[in-house]
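Novice:
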Amino acid sequence: MSSESLPYLPYRQNPRGDDVSEKSKMLANADDAERNKPHLPAHVYLSKLTIRAFIASMVFAATCIIAGAVFSQLTHAVSYKGPVIYSNTTNNATAGVQNGTIAVNLTVSANVEGIIPVLSPSPHTITVSTISLTFSIIATIFTEIIGFVHSTALRSALIAEGRLDFNTNTRLFTAAKGWASPNGWLLNALMALLLVMSYASSALVVMRFQMGVESTVEYQAWLTAPPIIVLGVSIFLQGVIALFGAYHCGPALLESTGVLDTTQQQIEHGDIVPRPHRCMRNVLQGQSTTPDPLEPLALQPSAWRASLTVKRAVFAVWCLIPVYTIWGATVDVLGTHASDLGSTGNSTRNVFQQLANSSWAFFPNSNSQAFSVQFLEHVSGAESASLPKSAWPLILLAFMAIQSSLTLVLHYCEVIINTTRDEKVWRQAAGGKGAAISQAPLIAALGNWRSVFLVVTKPLLHWMFGLSFTVVGTFSTDGYNTSLEMAVTAACVQTWYLSIALVGFATITTLIANNKPPGPQPAAYGHFQTLADLIDEWPLGKLYWGHKADKDDVCHAGTSGKPLPEVQMGRMYAGELDQKSSSTANTQSE
Numbered sequence: 001m002s003s004e005s006l007p008y009l010p011y012r013q014n015p016r017g018d019d020v021s022e023k024s025k026m027l028a029n030a031d032d033a034e035r036n037k038p039h040l041p042a043h044v045y046l047s048k049l050t051i052r053a054f055i056a057s058m059v060f061a062a063t064c065i066i067a068g069a070v071f072s073q074l075t076h077a078v079s080y081k082g083p084v085i086y087s088n089t090t091n092n093a094t095a096g097v098q099n100g101t102i103a104v105n106l107t108v109s110a111n112v113e114g115i116i117p118v119l120s121p122s123p124h125t126i127t128v129s130t131i132s133l134t135f136s137i138i139a140t141i142f143t144e145i146i147g148f149v150h151s152t153a154l155r156s157a158l159i160a161e162g163r164l165d166f167n168t169n170t171r172l173f174t175a176a177k178g179w180a181s182p183n184g185w186l187l188n189a190l191m192a193l194l195l196v197m198s199y200a201s202s203a204l205v206v207m208r209f210q211m212g213v214e215s216t217v218e219y220q221a222w223l224t225a226p227p228i229i230v231l232g233v234s235i236f237l238q239g240v241i242a243l244f245g246a247y248h249c250g251p252a253l254l255e256s257t258g259v260l261d262t263t264q265q266q267i268e269h270g271d272i273v274p275r276p277h278r279c280m281r282n283v284l285q286g287q288s289t290t291p292d293p294l295e296p297l298a299l300q301p302s303a304w305r306a307s308l309t310v311k312r313a314v315f316a317v318w319c320l321i322p323v324y325t326i327w328g329a330t331v332d333v334l335g336t337h338a339s340d341l342g343s344t345g346n347s348t349r350n351v352f353q354q355l356a357n358s359s360w361a362f363f364p365n366s367n368s369q370a371f372s373v374q375f376l377e378h379v380s381g382a383e384s385a386s387l388p389k390s391a392w393p394l395i396l397l398a399f400m401a402i403q404s405s406l407t408l409v410l411h412y413c414e415v416i417i418n419t420t421r422d423e424k425v426w427r428q429a430a431g432g433k434g435a436a437i438s439q440a441p442l443i444a445a446l447g448n449w450r451s452v453f454l455v456v457t458k459p460l461l462h463w464m465f466g467l468s469f470t471v472v473g474t475f476s477t478d479g480y481n482t483s484l485e486m487a488v489t490a491a492c493v494q495t496w497y498l499s500i501a502l503v504g505f506a507t508i509t510t511l512i513a514n515n516k517p518p519g520p521q522p523a524a525y526g527h528f529q530t531l532a533d534l535i536d537e538w539p540l541g542k543l544y545w546g547h548k549a550d551k552d553d554v555c556h557a558g559t560s561g562k563p564l565p566e567v568q569m570g571r572m573y574a575g576e577l578d579q580k581s582s583s584t585a586n587t588q589s590e
């Protein structure tokens, strides 16, 4: 591998010009030898668990593509059995004649391509909705796995460029230099498009098939081939982009996602230089160029004040609520007047009357107030037919357009959760158990309720969107013509239920962003320079923070490998770093 493909060279010489011990010289010589060695591709530095999860995602994507292609060639019989109303144009004494019409029970069937019926028909839609939730969860799991690899590669590229100030970044809205680079804006935009496509296609995989008329309506879940193929392709291409970015991001720091571990390695590599006299300055106070002594604060600033990106994320999630509320009202008006746009009268009263008479059930049904666009395919029982294939691209684009804001805002909210999670890791250093310098990403995520909250919320909100905007299939006949109908249906009430759920989500994320951590330990929120200023000693294993020394009535707070006394409130802190213990290579010796 050429040197041009290695934008990041680790283990740079200490820029402070300190005297180097005999041991440090040996390490430096070893580092020089390491630097001159040919580097392996970056992806070999991923952990075995990450590699296995990534391979599982790619296997799932390939399985979807193959299964969808096979399903598209299969045919399954669908049938209609029920009354058909004819006009009474003949005098038939044996037929039931009522108001000039006759009702005849007919059974009509046809073979349909590209669908797989799941379970038996039911008078309730909850079964169909439950299966749809399953695919939403699956899409979330595999896109999160691939997103982790992509995010890790992007972090490494940004660190190599010296452009990563906080440990947490919004991977789809942050890019490395060079618009066409592996981690640049072009592939990031494509990654965002594929993420939206994966969630949109997962909502279309399960179609609600409606059978019967009026009071005899039943629903059955169908798996449809085209969305399955699109889901597999979108996840597979995301994996290719993530792997491409990981291969070219440079080998250093690829798997170091922990805030403390990453800070330590950047100090070792010379990317960050700890500054003295800032042992009691949080992320806001640390920007000052005159590090005067400070008293410890009883409350630390919130993530809202510490990060502009957190503010933008909170603002974005609140903006979603009026968007979907207005969309629900638009659906209500369209559902009421779409077939009678030229009528006169009290339109407002008609809208509210129809809305009051419709179903307000959580799961949509045939009585829900909705607006639909139908795509018809005329068939006969003697031939095979398929759902209108030309309609699928339009349907997918419609789903992507309406769902994209939800998908991207939920992704953007990751910065709120991860920033506060980084702070929680750092604040563990002031506790009796200490803070682990290195921690597996999965353990770090599952051990934090905020991360679990976001991972659970993502598929639920996408699923609720699928309830409000769905595709309904119908096989029917009027006695003369038999048709297979695919209706894109937007449900008014279910859209408002989504808005209500977003209010709850926005409230919780806002509270998380505005929470002020108690205690004198300065808040860093994953800001690397602030952490480098606060941590004056890097022991092995766990890190403890507290009061360390008094000098000329000015105290010093710092870190150690053993529990430290609590910081003394009311005292002034700005002690100079102990140069002997500030090296990241230093370990606690007994």
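Per UniProt numbering, the very first residue in the sequence shown carries number 1; after that it's consecutive.
The C-beta atom is built at its ideal place from N, Cα and C for all residues, glycine as well.
1) Might you give, ordered along the chain, the residues of its own chain that have their beta carbon closer than 7 Å to the beta carbon of residue 401, omitting 5 neighbours on each side?
2) Measuring alpha carbon to alpha carbon, tell me which of 574, 325, 331 and 302 ends up nearest residue 526.
3) Tell me the DSSP secondary structure of residue 361 in three-state form.
4) Is the distance from the Cβ of residue 284 to the Cβ of residue 312 below 8 Å?
5) Taking the runs of the alpha helix (DSSP H) that are 4 residues or longer, which of them lie wholly in the stretch 464-536?
6) Tell me, which residues are paired with residue 267 by DSSP?
7) I believe residue 233 touches residue 492 by the beta-carbon criterion, under 8 Å. Please report the beta-carbon distance rounded to the nearest angstrom.
8) Is residue 439 helix, strand or coil when you go by DSSP?
9) Specify, as a first and last residue, the run of the beta strand (DSSP E) that residue 218 falls within.
10) Roughly how far, in whole angstroms, is the beta-carbon of residue 531 from the beta-carbon of residue 524, given that I think they are within contact range, below 8 Å?
11) Given residue 260, which residues of its chain have a CB within under 6 Å of its CB, disregarding the five upstream and five downstream residues?
12) Taking the C-alpha atoms as reference points, what is the distance between residue 416 and residue 509?
13) Tell me whether residue 281 is buried or exposed, calling it buried when 16 or more other Cβ atoms sit within 10 Å of its Cβ.
14) Does the beta-carbon of residue 151 have 16 or more other beta-carbons within 10 angstroms, so that it is buried, or is it exposed?
15) Would the stretch 128-138 and the stretch 192-212 be scored as touching if the rule is three or more Cβ pairs under 8 Å?
16) Would you list the one or two residues that DSSP bridges to residue 210?
17) To the nearest angstrom, report how far apart residue 248 and residue 153 are at their CA atoms.
18) Rounded to a whole number of angstroms, what is the C-alpha to C-alpha distance between residue 262 and residue 279?
19) Leaving out the 5 sequence neighbours to the left and right, which residues in its chain are closer than 7 Å to residue 176 when beta-carbon positions are compared?
20) Please say whether residue 407 and residue 195 have beta carbons closer to each other than 8 Å?
21) Excluding the five sequence neighbours on either side, which residues of its own chain have a C-beta within less than 7 Å of the C-beta of residue 458, listed in chain order?
22) Here's the rule: buried if 16 or more other CB atoms are within 10 angstroms of the residue's CB, otherwise exposed. What is residue 575?
23) Between residue 611 and the rest of its own chain, which residues show a CB-CB distance below 6 Å, the 5 nearest in sequence each way excluded?
24) Does the structure place the stretch 537-545 close enough to the stretch 554-572 that three or more beta carbon pairs sit under 8 Å?
25) Considering only the beta carbon of each residue, do residue 198 and residue 320 sit closer than 8 Å?
26) Note down, in chain order, each residue of its chain lying with its Cβ closer than 6 Å to the Cβ of residue 71, except the 5 sequence neighbours on either side.
27) Sorted by chain position, which residues of the same chain lie with C-beta nearer than 7 Å to residue 501's C-beta, five sequence neighbours on each side aside?
28) Per DSSP, what are the beta-bridge partners of residue 556 in this structure?
29) From residue 571 to residue 549, what does the alpha carbon distance come to, in whole angstroms?
30) Kindly identify the DSSP beta-bridge partner or partners of residue 371.
31) One question on the structure: do residue 503 and residue 293 come within less than 8 Å of each other, judged by their Cβ atoms?
32) Here's the rule I'm using: 16 or more other beta-carbon atoms within 10 Å means buried, otherwise exposed. How should residue 163 be labelled?
Specialist: This is what the structure holds:
1) none
2) 302
3) Here residue 361 sits in coil by DSSP.
4) no
5) 492-514 and 528-534
6) Paired residue(s): none; residue 267 is not in a bridge.
7) The pair is not a contact, with the Cβ atoms about 32 Å apart (cut-off 8 Å).
8) coil
9) Start and end: 218-224.
10) 5 Å
11) 437
12) Just so you know, the alpha carbons of residue 416 and residue 509 end up roughly 7 Å apart.
13) Counting other Cβ atoms within 10 Å of its Cβ, residue 281 reaches 16 or more and is therefore classed as buried.
14) Per the 10 Å Cβ criterion, buried.
15) Enough Cβ pairs lie closer than 8 Å, so yes.
16) Beta bridge pairing from DSSP links residue 210 with 219 and 474.
17) 8 Å
18) 19 Å
19) Cβ within range, chain order: 154, 157, 158, 161, 183 and 184.
20) yes
21) 140 and 410
22) buried
23) Look at the range of the chain in this structure, 1 to 590, and you will see that residue 611 is not part of it.
24) yes
25) No, the Cβ-Cβ distance between residue 198 and residue 320 is not below 8 Å.
26) 116 and 225
27) 461 and 464
28) Per DSSP, 549.
29) 12 Å
30) Partner(s): 490.
31) no
32) exposed
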